[in-house]
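**Student:**
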Amino acid sequence: MGTAVDILSGWIPVEHLRLGGGTALEARWHHRGSQDLDFSFTPGRGSSSSLFRKDFDEIRMDLHALARDGVIERDNVVMVGTNHIQFMVGDVPVSFVGTERFHGDPRDEVEYETGVILGATRDILTKKMYNRLGVNRIATERDAYDFAVARTLAPDDLLYAWSTLTDDMKRDTLATYRDLAEGEDHARFKALVQPRFDRIACQVWQQVLRMLESNLEYVPPLTQGNCDVGRRGGGDGH
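So the sequence shown is numbered by our numbering: it starts at 38 and just counts up by one.
(1) Alpha carbon to alpha carbon, what distance is there between residue 158 and residue 145?
(2) Does residue 220 pass the burial test, meaning 16 or more other C-beta atoms within 10 Å, or should it be called exposed?
(3) Which residues bound the alpha helix (DSSP H) around residue 192?
(4) Who are residue 161's beta bridge partners in DSSP?
(5) How close, in whole Å, do the beta carbons of residue 134 and residue 77 come, if the pair is a contact with beta carbons under 8 Å?
(6) Just the C-alpha distance for residue 62 and residue 68, rounded to the nearest angstrom, thanks.
(7) DSSP three-state call for residue 58: helix, strand or coil?
(8) Who pairs with residue 156 in a beta bridge, going by DSSP?
(9) If you run the structure through DSSP and keep just helix, strand and coil, what is residue 123?
(10) How is residue 272 classed by DSSP in three states: helix, strand or coil?
(11) Is it right to say residue 149 is buried, meaning 16 or more other beta carbons lie within 10 angstroms of its own, or is it exposed?
(12) Using the beta-carbon count (16 or more within 10 Å), is residue 156 buried or exposed?
(13) Among 213, 214, 190 and 218, which has the Cα closest to the Cα of residue 259?
(14) Would you decide whether residue 84 is buried or exposed? Buried here means 16 or more other CB atoms lie within 10 Å of its CB.
(15) State the Cα-Cα distance for the pair residue 102 and residue 125, rounded to the nearest angstrom.
(16) Do you know whose CA, among 51, 95, 179 and 163, lies nearest residue 60's CA?
(17) Quick one: give me the first and last residue of the alpha helix (DSSP H) that residue 241 is part of.
(18) Could you tell me which of 127, 43, 93 and 105 sits nearest to residue 118, measuring between CA atoms?
(19) Mind checking residue 98: buried by the 16 CB within 10 Å criterion, or exposed?
(20) Is residue 74 helix, strand or coil when you go by DSSP?
(21) To the nearest angstrom, report how far apart residue 45 and residue 218 are at their CA atoms.
(22) Enumerate in chain order the residues of its own chain whose CB-to-CB distance from residue 41 is below 7 Å, with the five nearest sequence positions on each side excluded.
(23) Is residue 84 helix, strand or coil when you go by DSSP?
(24) Which residue marks the beginning of the beta strand (DSSP E) containing residue 116, and which one marks its end?
(25) Would you call residue 71 buried or exposed, if buried means 16 or more other Cβ atoms sit within 10 Å of its Cβ?
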């Protein structure tokens, strides 16, 4: 975390960074481990380039220097336009992406080591629901688990995220989760690191499918179960 923020702060002021994704939700809810770091920034009304301490050519040179010095992995640098950068710090993927705006900004919630502000739960759930699942049709255990936990811990934000999907997206999402629920195999849950709520983790596709089919009326239980998936996850959380 510290290394990633040190790198990013060389390009953009720390106060413009937001920690997002599952890592921010983990920091807020303590519900599971996380294995990557997602950062975002918003330029507000001005252009994104006005925020950067360096121009993008200099950022490219920085990345080459960081890779040469072994700070980041040379073969895992991805740059998409001028607002999306991905690289690896050790075995931890780091993503840095621009976004149009934030839905609320809880400035009193920060990551304790670096002081980076945690992204709003609504932004994170909407990105997971609309972009990753609705648009790109990427269904992961981690996102499904986050949705199930959010039903209790952030119901209004989850409802907003679900409402952003078109009817076609909702049908496709339900079909995807239905297929996964029917073929559910507990051995597949290696992507969930130290989930706190075993019952949801063991039945994540079924629980989320039931919740979405009920238009969020059903509340997945935040209780311990009999599965050992909570002790099965490998890797270190952040």
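Even for Gly, the Cβ is constructed at its ideal location relative to N, Cα and C. Nothing here was measured: the structure is a model prediction, and the numbers come from that model.
**Tutor:** Walking through what the data contain:
(1) Computed Cα separation, rounded: 14 Å.
(2) Residue 220 should be labelled exposed.
(3) Annotation: the continuous alpha helix (DSSP H) that includes residue 192 extends over 192-200.
(4) When DSSP reads this structure, residue 161 sits in no beta bridge, so it has no partner.
(5) Yes, residue 134 and residue 77 are in contact; Cβ-Cβ is about 5 Å, under 8 Å.
(6) Roughly 8 Å between the two C-alpha positions.
(7) The three-state secondary structure of residue 58, taken from DSSP, is helix.
(8) Answer by DSSP bridge pairing: none, since residue 156 is not bridged.
(9) Reduced to three states, the DSSP call for residue 123 is strand.
(10) At residue 272, the pLDDT of 37 sits below 50, so the modelled position is not reliable; the number obtained from the coordinates is stated separately. Assignment of residue 272 by DSSP, reduced to helix, strand and coil, places it in the coil class.
(11) Exposed is the call here.
(12) Counting the other CB atoms within 10 Å of its CB gives residue 156 a total of 16 or more, which places it among the buried residues.
(13) Residue 259 has its Cα closest to that of 190, out of 213, 214, 190 and 218.
(14) Unreliable placement is indicated for residue 84, whose pLDDT of 47 sits below 50; no coordinate value is reported for it.
(15) Distance between the alpha carbons of residue 102 and residue 125 is about 14 Å.
(16) Of the candidates 51, 95, 179 and 163, the one whose C-alpha sits nearest the C-alpha of residue 60 is 179.
(17) Following the DSSP letters along the chain, one finds residue 241 inside the alpha helix (DSSP H) bounded by residues 241-250.
(18) Answer by Cα proximity: 93.
(19) Residue environment: residue 98 is assigned as exposed (fewer than 16 neighbouring CB atoms within 10 Å of its CB, all protein chains considered).
(20) Note: residue 74 maps to strand in three-state DSSP.
(21) Residue 45 and residue 218: Cα-Cα distance of roughly 39 Å.
(22) Hits under 7 Å: 74, 126 and 131.
(23) No answer about residue 84 holds up, because its pLDDT of 47 lies below 50 and its placement is not dependable.
(24) Here the beta strand (DSSP E) through residue 116 covers 115-117.
(25) Classification for residue 71: buried.
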